[in-house]
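A short write-up of the structure that comes next.
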Amino acid sequence: MNVEHWGLAVAFVVLGPLLGALLAGLDRRLTARMQSRQGPPLLQPIYDVLKLFEKDTVVVTELQTLYLWGFLFFMVISGFILFLGSDLLLSLFALTVSGIFLCLAAYSTNSPYSNIGSSRELLLMMAYEPMLIIVALGFFLVADSFRVSDIVAGSPWQVVQLFGILLGFLFILTIKLRKSPFDLSSSHHGHQELVKGITTDLSGSDLALVEIGHWYENTILLGWLYLFFAPWGVALALPIALVLFFAEVLVDNTHARLKWATTLKATWVVTGLFGVTNLMLLPLIT
Amino acid sequence: MPLIALLIGFPLLAGLAILFAPTHARRADLVRWSVYGLGGATLALALSYFRMEPQFFALGEGVAGALDSAFLLGGIALSVYLLFACRRIKGREWYIPLLILAQTGLMLFAELAPEHPEVARQFYVDSFSILMALIVGLVGGLICLHAIRYMQDYQAHDLEVTDRRPAFFFMLFVFLGAMFGIVFSNHLPWLFFFWEVTTLCSFWLISYSGTDEAIRNGFRALGLNLIGGVAFAGAIVWLTHGPGLHTWELDQLIAAGSTLALIPAVLIAIAGLTKSAQLPFSSWLLGAMVAPTPVSALLHSSTMVKAGVFLLVKLSPVFHDTYAGLLLSLVGGVTFLVTSLAAVSQRNAKRVLAYSTIANLGLIVMCAGVGTATTIWAAILLILFHAVAKALLFLSVGTTEHLIGSRDIEDMEGLVYRRPVLAAMMLVGILGMFLAPFGMLLSKYTCFQAFLTMDVMPGDGILLAAILAFGSAPTLFFWSKWMGKLVAMPRRPNPIEAAIPRDEAIALFTLTLITYVACALFPLADWMFVQPYTEFLTGAGLIPLTDDRIPWETIAMMTAMLGGIFLLPLIFWLRPPRFAVVSGYLSGANVDGSASYRGAMGAEREVESRGYYLTGFIQEDLLVRRGLIGAAILMTLMLWSVNP
Chain A
845 MNVEHWGLAV AFVVLGPLLG ALLAGLDRRL TARMQSRQGP PLLQPIYDVL
895 KLFEKDTVVV TELQTLYLWG FLFFMVISGF ILFLGSDLLL SLFALTVSGI
945 FLCLAAYSTN SPYSNIGSSR ELLLMMAYEP MLIIVALGFF LVADSFRVSD
995 IVAGSPWQVV QLFGILLGFL FILTIKLRKS PFDLSSSHHG HQELVKGITT
1045 DLSGSDLALV EIGHWYENTI LLGWLYLFFA PWGVALALPI ALVLFFAEVL
1095 VDNTHARLKW ATTLKATWVV TGLFGVTNLM LLPLIT
Chain B
43 MPLIALLIGF PLLAGLAILF APTHARRADL VRWSVYGLGG ATLALALSYF
93 RMEPQFFALG EGVAGALDSA FLLGGIALSV YLLFACRRIK GREWYIPLLI
143 LAQTGLMLFA ELAPEHPEVA RQFYVDSFSI LMALIVGLVG GLICLHAIRY
193 MQDYQAHDLE VTDRRPAFFF MLFVFLGAMF GIVFSNHLPW LFFFWEVTTL
243 CSFWLISYSG TDEAIRNGFR ALGLNLIGGV AFAGAIVWLT HGPGLHTWEL
293 DQLIAAGSTL ALIPAVLIAI AGLTKSAQLP FSSWLLGAMV APTPVSALLH
343 SSTMVKAGVF LLVKLSPVFH DTYAGLLLSL VGGVTFLVTS LAAVSQRNAK
393 RVLAYSTIAN LGLIVMCAGV GTATTIWAAI LLILFHAVAK ALLFLSVGTT
443 EHLIGSRDIE DMEGLVYRRP VLAAMMLVGI LGMFLAPFGM LLSKYTCFQA
493 FLTMDVMPGD GILLAAILAF GSAPTLFFWS KWMGKLVAMP RRPNPIEAAI
543 PRDEAIALFT LTLITYVACA LFPLADWMFV QPYTEFLTGA GLIPLTDDRI
593 PWETIAMMTA MLGGIFLLPL IFWLRPPRFA VVSGYLSGAN VDGSASYRGA
643 MGAEREVESR GYYLTGFIQE DLLVRRGLIG AAILMTLMLW SVNP
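The following block contains the structure:
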């Protein structure tokens, strides 16, 4: 581990949310274009969050802010580990803990909408968790290490060896980004954008924390995607990762929402079919 | 050696004193003092053999002979008592007396053999057995302490149950003594005797309330554990009369390696699987939840069921790199996966805890079957964390039950606001079980690494790793869901007035503290108890030397995370944000806080929302039945794979 890695990790903490915000802004632009709308400016997510900080914050229980701090803290830790080039599996565990804290924040408000939102969020976590672990295991088998720096320096063929796992990862990426058909936990209520699944009872600076957390998450997920192509070098790997990332927007706009049972079954079947099979076949592909 | 004798003998004497104590108050005092004495003795033992290589003790010939006869007679008396208890069996339980006879017959056949193996060293102490002794002595002691008041409430609550408390505490202490016997015996037939004593205690304590359900469940536990007993006795017969290895010493058995020791090891493994309630034998542990909560905490989560995995971990060098070991791991894996899923569908807190206990034991069995230095390391840490965190959870559920009159998770809604201290202890237990950076997480981490580097047949490690990945997901779901209920803001003020009784409070606080310390100072626990043991095994050439230690930066990151969990609440407490508090969103005008709202047509509507139990998706019966068949097939294959 050297200065470069530390620099990258610190850069993530400072600039990660900005990149994530840009990704979110681009996402909204693309979505709008697909729906033949003009769409908001690229920096709209940042304007939104700045405005949220100006607003009054109302809470159901003061503890909900504490859980949101936990959410943000573990999100940052997860990304920090990833960009430091350290342990991928550990980064994944931190990401999971972070997700659980977000659910706790919503559970603590105890309104029926938050309740359903967080239960669904947990269901989705249960659905995608095995695949995420299998991604880490796949990298371990190819690079012989859970360390991100070893994976980045790995064989240029790793994306071929891990092709099934890449497909599985793209599948669950749709869930992680809360895109249709798997956006169960952020389904809107009524006809207003404000009341939305897990964030129903979060407002003002609390809601801003959640948004910032999601920006970090965008960057982390882009980082995971990048890892598959990383041995090819930044010039090639980053554009590919970005294209795949935004392919999710297309999926989002062309699919209707599924029910939770279908989501869970489909995800686990895909995990088994692409992920586990890929792991099993790995010794033959090397 | 005197300390070991003290630890085995003292609980028995204390139990007798308690049995004949004249008054309730006197008995409670005796229990308290015995618990403190036992805790002190265990600590003394831990200090005097601190980080030592395994020590073996040989008894004088006279003493050994006397003990031999005593245990032989004790074994027969035990069988006679069990046969006598069988007068209450019903039609489908006919197999129980047969199993008792089979087991006793096998034991007599081995012990009365004209030329049976001589045992030179009857007892031993190593750092793993010290860790087990600490769990039995400290955690077990605290549970007995908790039981004093719990049983008083229990009897006051349920007047139909005959008050047999003197015998109840006698049984608890006899059980503790037998557990010490199990962790220190190097003499297999003696170990088997202690093993059977725990089966007897479990049977008696499950049937305590005397209802038909309790008695049936007691017999089920007895029957399934006797299957293990017969297998264990079979192993001893094999070691006496069979070809090859002739020894009654545990360390010789382990040292003999997989070529010589695999057959008896597999037979003992079956006993371990029954004791640890693995599929296909798991049903007895669910039934055992009818027993009073301290019994569930003591026997059925933190100590007795650990005896099974204790033996499996001990024998783990024998299983290393064999098909039998792989199949054993798969039995554990199937159990882990199936029971984790089944736990999602449970509302009854004790059943959730029971399923999660079986699941965790499954994880330990998976580790034991692989048998490398890292998996043994992970297994021992799992045993430690599970024992303390689960005892804490069981006891806090017990206390909660007496305070709110229910053990339904839905009724625990808002406990953080209604009973902050109790809820905090329960949360520490849950965090220690699956979230705390040093508990399960670390063990899972090493498991993944160890599974992927094992090499019995192609794809074996991947299969185990995939099972672990799929089984972890539901774990996350049901624990988080439970935490969500605890942290929920109650819709109506619903405080609990009654105070936590003193004995219960002492037990709960101490266990919370132990859980915290075990998590925070985990590297210390590792250095004190686990490393000396694995280093001895690698040094003796019993397990291969592998270089897959966890790197320091991983540990540093985990420390940062743990620090965050400590510091965030502290910062929050010092500088709480001041926001306006309102009631939750109900999609209408809130009438009574967030408890009801003005709906369509101006009618007032109550708010109801419940957790997700996925009962349509996870059909408990079907799931468990399939798991049972799967595990039974795997176990048969395991037996078949060692076919001489």
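Residue numbers (our numbering), protein chains in the order written: chain A, 845 to 1130; chain B, 43 to 686.
Yeah, the Cβ is synthetic: ideal placement off N, Cα and C, and Gly gets one too.
Are the CB atoms of residue j and residue i within a distance shorter than 7 angstroms?
i, j, result
"A/PRO956", "A/THR1115", "no"
"B/HIS188", "B/GLU546", "yes"
"A/HIS993", "A/ARG1101", "A small correction: the amino acid at residue 993 of chain A is Ser; His does not occupy that position in the sequence shown. No, the Cβ-Cβ distance between A/SER993 and A/ARG1101 is not below 7 angstroms."
"A/PHE1089", "A/LEU1066", "yes"
"B/VAL439", "B/ALA391", "yes"
"B/LEU49", "B/PHE211", "no"
"A/ARG917", "B/GLY644", "Here residue 917 of chain A turns out to be Phe, not Arg, going by the sequence shown. No, the Cβ-Cβ distance between A/PHE917 and B/GLY644 is not below 7 angstroms."
"B/ALA421", "B/VAL355", "yes"
"B/CYS561", "B/GLY447", "no"
"A/ALA971", "A/THR1111", "yes"
"B/PRO532", "B/TYR639", "no"
"B/THR301", "B/ALA415", "no"
"B/ALA63", "B/LEU72", "yes"
"B/MET680", "B/LEU369", "yes"
"A/PRO861", "A/TRP1059", "yes"
Taking the continuous alpha helix (DSSP H) assigned at residue i, which residues delimit it?
i, result
"B/GLN97", "B/GLN97 -> not in any alpha helix (DSSP H); beta strand (DSSP E) instead, spanning 97 to 99."
"B/TYR365", "365 to 386"
"B/TYR166", "Segment 165 to 167 is the beta strand (DSSP E) holding B/TYR166; no alpha helix (DSSP H) there."
"B/TYR196", "182 to 199"
"B/GLU646", "It is not in any alpha helix (DSSP H) - B/GLU646 instead sits in the beta strand (DSSP E) that spans 646 to 648."
"B/ASP254", "254 to 283"
"B/ASP545", "544 to 562"
"B/ARG667", "662 to 683"
"B/LEU527", "Reading off the sequence, residue 527 of chain B comes out as Lys, not Leu. Counting along the chain, the alpha helix (DSSP H) containing B/LYS527 begins and ends at 502 to 529."
"A/LEU969", "The sequence as given places Met at residue 969 of chain A; Leu does not occur at that position. Run containing A/MET969: 956 to 987, per the alpha helix (DSSP H) assignment."
"A/LYS1020", "1007 to 1020"
"A/PHE990", "A/PHE990 -> no alpha helix (DSSP H), and no H or E assigned at all."
"B/GLY51", "44 to 61"
"B/ASN402", "391 to 412"
"B/LYS317", "299 to 317"
"B/MET454", "Counting along the chain, B/MET454 falls outside any alpha helix (DSSP H), and DSSP gives it neither H nor E."
Can you find the residues in the same chain that come closer than 7 angstroms, C-beta to C-beta, to residue i, ignoring five residues on each side of it along the sequence?
i, result
"B/VAL666", "VAL380 and ALA384"
"A/SER922", "SER935, ALA938, LEU939, SER942 and ILE1064"
"B/THR413", "Thr is not the amino acid found at residue 413 of chain B; the sequence shown has Gly there. Excluding residues within five positions, the ones whose Cβ falls inside 7 angstroms are SER358, PRO359, PHE361, HIS362, GLY367 and ILE585."
"A/GLU1050", "Going by the sequence as given, residue 1050 of chain A is Asp instead of Glu. Cβ within range, chain order: THR901, VAL903, GLN908, THR909 and LEU912."
"B/MET43", "PHE99 and PHE165"
"A/VAL854", "none"
"A/THR915", "Here residue 915 of chain A turns out to be Phe, not Thr, going by the sequence shown. Within the same chain, A/PHE915 has close Cβ partners SER942, PHE945, LEU946, ALA949 and GLY1057."
"B/THR580", "ALA415 and LEU587"
"B/ASN228", "PHE98, ARG163, GLN164, PHE165, TYR166, GLU291, LEU292 and ASP293"
If you follow the beta strand (DSSP E) that residue i is in, where does it begin and where does it stop?
i, result
"B/SER638", "638 to 640"
Which residues in the same chain as residue i place their Cβ atom closer than 6 angstroms to its Cβ, once the five residues preceding and following it in sequence are excluded?
i, result
"B/GLY374", "GLY404, VAL407 and MET408"
"A/ALA1052", "VAL893, LEU896 and PHE897"
"B/GLY329", "ASN259 and ARG262"
"A/ALA1074", "VAL996 and ALA1081"
"B/ALA47", "none"
With a threshold of 8 angstroms on Cβ separation, who are the neighbours of residue i within its own chain once the five nearest residues in sequence on each side are excluded?
i, result
"B/VAL77", "GLY183, LEU184, CYS186 and LEU187"
"A/ASP892", "GLU1055"
"A/PHE990", "ASP931, LEU932, LEU933, LEU934, ALA980, PHE983 and PHE984"
"A/ILE1019", "LEU968, ALA971, TYR972, PHE1026, THR1107 and THR1111"
Would the segment 619 to 630 of chain B count as touching the segment 897 to 917 of chain A if we require 3 or more Cβ pairs under 8 angstroms? yes
Check whether the segment 1007 to 1014 of chain A and the segment 978 to 987 of chain A are in contact - that is, three or more C-beta pairs closer than 8 angstroms. yes
Using 8 angstroms as the Cβ pair cut-off and three pairs as the minimum, do the segment 530 to 537 of chain B and the segment 451 to 461 of chain B touch? yes
What are the uninterrupted segments assigned as alpha helix (DSSP H) that are 4 or more residues long and contained completely in the segment 89 to 151 of chain B, given in chain order? 103 to 127
Is it true that the segment 302 to 313 of chain B meets the segment 275 to 284 of chain B, where meeting means three or more beta-carbon pairs spaced less than 8 angstroms apart? yes
Stretch pair the segment 117 to 134 of chain B + the segment 232 to 244 of chain B: three plus CB contacts closer than 8 angstroms: yes
Answer yes if the segment 87 to 98 of chain B comes into contact with the segment 158 to 174 of chain B, meaning at least three C-beta pairs across the two stretches below 8 angstroms, and no otherwise. yes
Stretch pair the segment 874 to 888 of chain A + the segment 492 to 505 of chain B: three plus CB contacts closer than 8 angstroms: no
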